Amino acid sequence: MPSLASPPPPDNDNKAPDAEAILTTYLETLPRSVDLMDEDKALLRSFLRTLCSDPDTPVPIPTLLTTSLPKTYHAGTGKTQTECLARAIRRARHEVIFVTCFWAASDSLALLSAALRELSITCLYDMDIPKPEAFNEVYLYEGEMGGGTLGPSNLRITIITCRNMMRLEQLATTPFSTTESCVRAFVSSLPHVENVHLGYWRGGGEVRQWHVKALIVDEVWTVIGSANGDRASWWGSGEINVCVFGRGYASDVGRRLERWAVEAGGVEWVLGGRLLGV
């Protein structure tokens with residue numbers, strides 16, 4: 001099931017998202033060969049209009065699955081979901097919280113890493129900080145840098161993952177990479193930024209390892225589920241995530257994640273570092 005794409009950034013925090021704009025963005029992420037039936041579009045339009053008018057109101061629609069062409073959604077690759085996640089990250093205006101139990105090398109996580117890196121570099125330029133001499137232009141992920149989607153200088157990115165989580169699975173399903181090696185590569189690819197906070201779950205309480213997979217953008221757009229976004233999630237386990245659009249839900253999930261991290265001894269920051277649960 002493809003996730004709903006992020007809405008265009010509002011001009012201000014009080015402006016209601018536009019259902020047609022969200023639907024258009026969602027349709028753009030689907031394969032070009034997909035031609036949804038009118039009833040599919042009507043179902044999605046009705047769902048989105050209800051969410052946009054009152055995000056915290058339950059919607060009496062049994063499923064978000066579009067039923068006309070179920071086999072065309074890149075089954076086994078996670079491509080549609082990954083593109084939606086990356087699009088949401090690039091459109092962030094205030095905050096991105098990205099939680100994954102491990103960060104193994106894969107096409108999907110490479111795309112998400114590029115989106116996070118692009119957003120942090122965009123913020124660096126927005127603050128008019130000189131570009132470091134060692135910075136390599138090839139790290140910029142081309143495609144959607146314009147069109148008013150650039151994040152402001154006060155945008156904050158928080159990434160939390162785990163050490164030693166399912167290490168054998170990572171080695172077996174990737175080119176012998178581990179979370180630690182991928183984190184080091186991501187950190188080394190960044191210029192000197194202050195808006196990115198990346199660390200490991202300490203696991204000082206009863207919960208030694210964190211198996212959460214979640215993405216929260218601007219306290220509005222939440223993706224949570226069973227898929228890490230790596231090759232094993234798409235090909236081996238056939239896992240999936242669910243997108244929820246609503247301020248109340250996003251804020252609640254974000255607070256819970258930060259509170260659980262604090263209760264487990266906090267986060268071992270390897271880049272940046274900030275207070276959680278405040």
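Residue numbering for the sequence shown follows full-length UniProt numbering, beginning at 1 and increasing consecutively. Ideal Cβ positions, reconstructed from N, Cα and C, are used throughout, including at glycine. All values reported here derive from a predicted model rather than from experimental measurement.
Taking the Cβ atom as the reference point for each residue, do residue i and residue j lie within a distance shorter than 9 Å?
| i | j | result |
| --- | --- | --- |
| I89 | L112 | yes |
| G272 | N195 | yes |
| L257 | V212 | yes |
| L190 | A92 | no |
| E95 | I157 | yes |
| A214 | V99 | yes |
Between residue i and residue j, what straight-line distance do the alpha-carbon atoms span, to the nearest angstrom?
| i | j | result |
| --- | --- | --- |
| F186 | E118 | 12 Å |
| T24 | A86 | 16 Å |
| V270 | N164 | 15 Å |
| T161 | W260 | 13 Å |
| C182 | L198 | 12 Å |
| S177 | A21 | 39 Å |
| V193 | A42 | 44 Å |
| L27 | N241 | 18 Å |
| S120 | E206 | 34 Å |
| E239 | S188 | 30 Å |
| G225 | E268 | 24 Å |
| R184 | A105 | 12 Å |
Residues in its own chain within less than 7 Å of residue i by CB, not counting five upstream and five downstream?
| i | result |
| --- | --- |
| A19 | R45, L48, R49, C52 |
| I216 | I97, T222, A250, V253, G254 |
| D218 | A92, R93, H94, E95 |
| M166 | F102 |
| G143 | Caution applies to G143, whose pLDDT of 31 falls short of 50 and renders its modelled position unreliable; the value that the coordinates give is listed next. Excluding sequence neighbours, G143 sits near nothing in its chain. |
| R202 | A264, G265, G266, V267, E268 |
Name the two residues that bound the continuous beta strand (DSSP E) containing residue i.
| i | result |
| --- | --- |
| V193 | Neither: V193 is in no beta strand (DSSP E) and is coded neither H nor E. |
| V267 | 267 to 271 |
| G225 | 221 to 225 |
| R156 | 156 to 161 |
| F98 | 95 to 99 |
Looking at the unbroken alpha helix (DSSP H) that takes in residue i, where does it start and where does it end?
| i | result |
| --- | --- |
| G203 | Taken as a continuous stretch (DSSP letters only), G203 belongs to no alpha helix (DSSP H), as it is neither H nor E. |
| A185 | 179 to 188 |
| V253 | 247 to 263 |
Determine the burial state of residue i: buried for a count of at least 16 other Cβ atoms within 10 Å of its Cβ, exposed for fewer.
| i | result |
| --- | --- |
| D38 | exposed |
| E263 | exposed |
| G248 | exposed |
| G204 | exposed |
| G265 | exposed |
Within the same chain, show all residues whose beta-carbon is closer than 6 Å to that of residue i, passing over the 5 residues directly before and after it, in chain order.
| i | result |
| --- | --- |
| A115 | A86, I89, R90 |
| V220 | R247, A250 |
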